[in-house]
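Report on one structure; see the data block that follows.
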Amino acid sequence: MNNLQSIEGTIHGELHIGAIESSRLPHLINVIESVIEDFPLVRLQLHTGTNSDIRSQLDSGLLDFGIVTSKAHVQQYSSIDFPEIDSWELNISQNNSLD
Numbered sequence: 001m002n003n004l005q006s007i008e009g010t011i012h013g014e015l016h017i018g019a020i021e022s023s024r025l026p027h028l029i030n031v032i033e034s035v036i037e038d039f040p041l042v043r044l045q046l047h048t049g050t051n052s053d054i055r056s057q058l059d060s061g062l063l064d065f066g067i068v069t070s071k072a073h074v075q076q077y078s079s080i081d082f083p084e085i086d087s088w089e090l091n092i093s094q095n096n097s098l099d
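For the sequence shown, counting from 1, position 42 maps to 42 in full-length UniProt numbering; every step adds exactly one.
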């Protein structure tokens, strides 16, 4: 978050947020839209990837925030849990069976 600055009370700058592709991504987009409305001089860049991609980019300083699903390595970061749970489903062709 070193990319944000305040001059005469006006916050401006750029935030890079990494997130896994998830059914919760639309909720994140709503939050981003609210931030843009409240802070029009702050540019938000959303990056998507795997849990590993997001952590790697956090570690290298390319991201300011990362949203991941795995709690592995969580002790390395300041973190909060989101109350929502992501659900996944498997879709296969009707021509194939799981037998």
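No residue lacks a Cβ here, since even glycine has one placed at the ideal position from N, Cα and C.
Since we're looking at a predicted model, the values are computed, not measured.
Residue i beta carbon near the ligand HEM (any heavy atom closer than 8 Å)
i: residue 61; result: By its list of ligands, the structure shown contains no ligand whatsoever, and the ligand HEM lies outside what it can speak to.
Of the residues the options, the one placed nearest residue i, counting alpha carbons only
i: residue 62; options: 70, 49, 69; result: 49
i: residue 54; options: 42, 19, 94; result: 19
i: residue 82; options: 33, 35, 60, 70; result: 70
i: residue 13; options: 24, 28, 41; result: 41
i: residue 43; options: 11, 30, 24, 59; result: 11
Identity of the residues DSSP links to residue i by a beta bridge
i: residue 42; result: 13
i: residue 48; result: 19
i: residue 54; result: In the DSSP output, where bridge partners are listed per residue, residue 54 has none listed.
Sequence-distant residues of its chain with Cβ nearer than 7 Å to residue i (five each side left out)
i: residue 16; result: 45, 47, 62, 63, 64
i: residue 21; result: 48
Extent of the continuous beta strand (DSSP E) run through residue i
i: residue 82; result: It is not in any beta strand (DSSP E) - residue 82 carries neither H nor E in the DSSP assignment.
i: residue 61; result: It is not in any beta strand (DSSP E) - residue 61 carries neither H nor E in the DSSP assignment.
Neighbour flag for residue i against chain D, beta carbons, 9 Å
i: residue 24; result: No chain D is present in this structure, which holds just one protein chain.
Between the CA atoms of residue j and residue i - distance to the nearest angstrom
i: residue 38; j: residue 28; result: 15 Å
i: residue 33; j: residue 26; result: 11 Å
i: residue 56; j: residue 68; result: 12 Å
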